[in-house]
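Engineer:
In the numbering used here, the protein residues as written are 52 to 246.
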């Protein structure tokens, strides 16, 4: 069974890599966003409760709430991994924290990260920052800060646990990772056929 776990903060390319792997390997792809959602992105239009969340809390508290949300999702993610289809699964999402991934049985674990300037630029482009109102831009700035904290903390944890790292700015690294996983899978299948 092939189980691939892809973690990283918002806008690091998790969905892109997961889709590429799913297509190449013929595996189902699931995003943790479909299992439970934190307040999320404050654009294109922030719901009143989302705007209030970002406006009223300190950056430290916003990041703390994100980690609590991920911790609450952890048992469900463990169950999902433990009951994956026989063919395997690609699971991606920011809830796949490196500390969790290190404990779970998986074929491959990867953490996508980005240089802070690259990450901020990518989020601004996605949110159409330059066309937004001053109020929405302020919310996007807070979201960027939250993402920077998550990126730095996740990168440190991934290094500590020896999880494969991919720089979001390096598109070739995603292609190489996909090819390496496909080659490993073929090699294992060939070995199983010989045995």
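The beta-carbon is built from N, C-alpha and C at its ideal position, and this holds for glycine as well.
1. Quick one: is residue 96 buried, meaning 16 or more other Cβ sit within 10 Å of its Cβ, or exposed?
2. Measure from the alpha carbon of residue 201 to the alpha carbon of each residue in 231, 228, 245, 150, then state which is nearest.
3. Compare the Cα-Cα distances from residue 229 to each of 73, 116, 181 and report the closest residue.
4. Go through its chain and collect everything with a Cβ distance to residue 197's Cβ below 6 Å, but skip five positions before and after it.
5. If you scan the stretch 107-162 from start to end, which runs of the alpha helix (DSSP H) of 4 or more residues do you find wholly inside it?
6. For residue 172, which option in 220, 241, 205, 185 has the closest C-alpha, if you only look at C-alpha atoms?
7. Out of curiosity, what's the CA-to-CA distance linking residue 132 and residue 143?
8. How long is the line joining the alpha carbons of residue 211 and residue 227, rounded to whole angstroms?
9. In chain order, what residues of the same chain have a beta carbon less than 7 Å from the beta carbon of residue 217, not counting five sequence neighbours either side?
10. Which residue wins for smallest C-alpha separation from residue 110, given the options 231, 189, 236?
11. Count the other C-beta atoms from every protein chain shown that fall within 10 angstroms of the C-beta of residue 59, then say buried if there are 16 or more, exposed otherwise.
12. Taking 7 Å as the threshold (C-beta atoms), are residue 54 and residue 158 in contact?
13. Out of 124, 232, 91, state which residue places its alpha-carbon closest to the alpha-carbon of residue 193.
14. What beta strand (DSSP E) runs, 3 residues minimum, are completely inside the stretch 193-237?
Structural biologist: In short, the structure shows the following:
1. exposed
2. Residue nearest to residue 201 within the set 231, 228, 245, 150 is 150 (criterion: CA-CA distance).
3. 73
4. Excluding sequence neighbours, residue 197 sits near 113, 114.
5. 110-133, 149-152
6. Of the candidates 220, 241, 205, 185, the one whose C-alpha sits nearest the C-alpha of residue 172 is 220.
7. 12 Å
8. Per the coordinates, the alpha-carbon of residue 211 lies some 23 Å from the alpha-carbon of residue 227.
9. The residues are 161, 163, 224, 225, 228.
10. 189
11. buried
12. yes
13. 91
14. For the stretch 193-237, whole beta strand (DSSP E) runs of length 3 or above, ordered along the chain, are 215-218.
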